[in-house]
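Colleague: Okay, here's the structure, questions in a sec.
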Amino acid sequence: MTSTALRGQIWFRDGLAVEAARVNGHTATFRLRSDAAETLPMVIAVGEDAEGNGIAAATLTDLTIPIHGARLVTMALTLAPSVVPGGPPPRASEDRVLVWRKLMPVSSCVVVEHWDGGSPTRSFVVPEDDPDCDDVAAECNPAAWHGVASAGAAAHPDCLTKTNGVCLLGSHACADGNFPGGGECAPQRSGAVCLPDQLCSQCTDITTGCLANAVRTGFMTMPHIECSFPAEGGLSLCKDKESATIQLDHFPAGQACEQPLITSFAAGDFATSSAFGGATMELTGAQPPCSFVIRWKGGNRTNPLDMFDFGAIEVPAASGAVLLPLVLRFNPIQVSTCGAVPASSCQFKDMPLDPMWACTH
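The opening position of the sequence shown corresponds to residue 4 in this note's numbering, with each subsequent residue numbered one higher.
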C-alpha cells in the first residue's frame, strides 16, 4: 500500500509519548509543564471515537508555557471527518483529521486539514526519527507511509551514473524496507549534483568505503579542495589559526553558490559541520561569487599519527550542485608554538577539463 503525497507544514513532536485525557462531561483537560521558558509552535488536539479514530480536532499555535504560575487555555473541538489523500474537496469549509500510529517505539502521526475555498492548509505533527510512522528503518521515501520511488526519485542517492558525459548522483527504484533498491541508476530528479569524472569510473553504488578509497588514492588527479591546519601535538587546534577561506571560481557572471555542506566519509550525511577524527569542522555561508570559510570549530583529533582525513563538500547553486572531495591535513606542531607557525590555508586544486562543472552553468 502506498500513500499520496500531501503538502503542508511539518512539526516534529517534542516527545514520542502521546498525551491522552478522558472526557469528563464535555471537557478534556491536559496539563503541560516546562522547566524553561518555551513556546510550542503547534498544538493539535484530537477527539477520538471508541475505536481510536479521529473525529474532531482543534489547533493552537504559539502556545507559551509559563515557568512560574499557570494559565488556562480553552480550545473548542470541531467535528472533522477523515483526511482522504487524493479525495475530492468538500463543498464547504471544513476541517479534516487523520491519526496513524507506530509501534517501535510507540508514537503517532497526525495531520489536520483546514479547507477554505476549495484548497487546504495542512499541519503535521510527527516523530522526527520516523516522520511517516511506518516503522520502517530502511526508508526509500521517508515522507510517505510504506512509500516507493522510481529510479532517480528516492529521497537519498545511492548510486553514481553518467549522463551526457557528466558524473552525477543518482538513485535506484526502491520501496520502504528495500533501500537501496536495484535496477537502473537514474540522476536525482530533485536537482543535478555533479562529481569528478574519476569517481564514476571507480564507484557505481555509493558506499562510504568506495568513495573514501577513491578520494584517498586518487585525489591528485581529480578536482578537490585541500586544506592545512596546524595542530598542537597533532591533536589540538591553534587559537586564532582555526579558520581558512575556500575560493571557487567556476561560477559565471551573475551566478553565485549557496550555503555549502560538508561531510567526513565516516559521518555520511552532509551538514554545515562534520567530525573528522574528533575534530569538528564547520562551513560558513558563502559570499558571491563563491567563497566561504572552513573552521575548526572544536574537538581534538584522536590519533596524533594520522595527519590526513578525507571527506567532501557539496556546493549548491541555482543551476545544480557540485560535490568536491576534501583533503584535510593536520600538521603536528610542538605545544605552545602556535604563534610561530603559518596560518591555516586552503587551496582549490582544479582540473579545468573535468565535465563536472556543467552543474554550475
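Just so you know, even glycine gets a beta-carbon here, dropped at the ideal spot from N, CA and C.
1) For Met4, count neighbouring Cβ atoms within 10 angstroms of its own Cβ and tell me buried if that reaches 16, exposed if not.
2) Tell me which residue opens and which closes the beta strand (DSSP E) that Val218 is part of.
3) Are the Cβ atoms of Thr77 and Val115 separated by less than 8 Å?
4) For Asn303 and Thr224, what's the separation of their Cα atoms in angstroms?
5) List the whole-angstrom C-beta distance separating Ser122 from Arg99, where the pair is believed to meet the contact cut-off of C-beta under 8 Å.
6) Could you give the DSSP three-state label for Trp148: helix, strand or coil?
7) Between which two residues does the beta strand (DSSP E) carrying Gln250 extend?
8) Spatial neighbours of Cys319 within its chain, please: C-beta separation below 6 Å, excluding the five flanking residues on both sides.
9) What does DSSP give as the partner residues of Thr62 in its beta bridges?
10) State the start and end residues of the unbroken beta strand (DSSP E) segment that holds Gln205.
11) Counting only runs that start and end within the stretch 104-174, where is the beta strand (DSSP E) found for 3 or more residues in a row?
12) Name the residue from Ser174, Gly236, Val87 whose alpha carbon lies nearest to the alpha carbon of Gly194.
13) State the Cα-Cα distance for the pair Thr81 and Ser126, rounded to the nearest angstrom.
14) Quick check on DSSP: helix, strand or coil for Met4?
15) Based on Cα-Cα distance, which residue from Leu331, Leu214, Met310 lies nearest to Ile249?
16) Span of the beta strand (DSSP E) holding Leu264?
17) Per DSSP, which one or two residues make a beta bridge with Pro335?
18) Going straight from the alpha carbon of Pro44 to that of Glu285, what length do you get?
19) Decide if Asn144 is buried, meaning its Cβ has at least 16 other Cβ atoms within 10 Å, or exposed.
20) Count the C-beta pairs between the stretch 164-179 and the stretch 291-306 that are closer than 8 Å, then say yes if the count reaches three, no if not.
21) If the criterion is Cβ atoms closer than 8 Å, does the pair His227 and Lys105 meet it?
22) Between Pro292 and Gly281, what straight-line distance do the alpha-carbon atoms span, to the nearest angstrom?
23) Give the straight-line distance between the Cα atoms of Ser37 and Ser294, rounded to the nearest whole angstrom.
24) Could you give the first and the last residue of the continuous beta strand (DSSP E) run that contains Thr32?
25) In three-state terms, what does DSSP make of Cys260?
26) Going straight from the alpha carbon of Thr207 to that of Ile316, what length do you get?
27) Have a look at Ala31, Lys244, Asp357 and flag the residue whose alpha-carbon is nearest the alpha-carbon of Glu204.
28) May I have the straight-line CA-CA distance separating Pro91 from Cys197, to the nearest angstrom?
29) Could you check whether the stretch 46-53 touches the stretch 156-170, counting it as contact only if at least three pairs of C-beta atoms, one from each stretch, sit closer than 8 Å?
30) Using three-state DSSP, classify Gly301 as helix, strand or coil.
31) Please go through the same chain and pick out, in chain order, the residues whose beta-carbon is closer than 6 Å to the beta-carbon of Thr287, but skip the five residues on each side of it.
Modeller: Based on what the coordinates show:
1) Model confidence at Met4 stands at a pLDDT of 40, short of 50, so the residue's coordinates are unreliable and nothing is read from them.
2) Counting along the chain, Val218 falls outside any beta strand (DSSP E), though it belongs to the alpha helix (DSSP H) covering 211-221.
3) no
4) 30 Å
5) Actually they do not touch by this definition, with Cβ atoms about 13 Å apart.
6) coil
7) 246-250
8) First, the amino acid is wrong: residue 319 is Pro here, not Cys. Here the set comprises Glu261.
9) Ile47
10) Element bounds for Gln205: not the beta strand (DSSP E) but the alpha helix (DSSP H), 200-205.
11) 109-119, 122-129, 162-166
12) Ser174
13) 15 Å
14) Reliability of the predicted coordinates at Met4 is poor, the pLDDT of 40 falling under 50, and the value obtained from them is presented with this limitation in mind. Of the three classes helix, strand and coil, the one that applies to Met4 here is coil, per DSSP.
15) Leu331
16) 264-267
17) Ala234
18) 29 Å
19) buried
20) no
21) no
22) 32 Å
23) 42 Å
24) Where Thr32 is concerned, there is no enclosing beta strand (DSSP E), given that its DSSP letter is neither H nor E.
25) strand
26) 20 Å
27) The sequence given here has Ser at residue 204, not Glu. Nearest of Ala31, Lys244, Asp357 to Ser204, Cα basis: Asp357.
28) 41 Å
29) no
30) strand
31) Phe295, Val296
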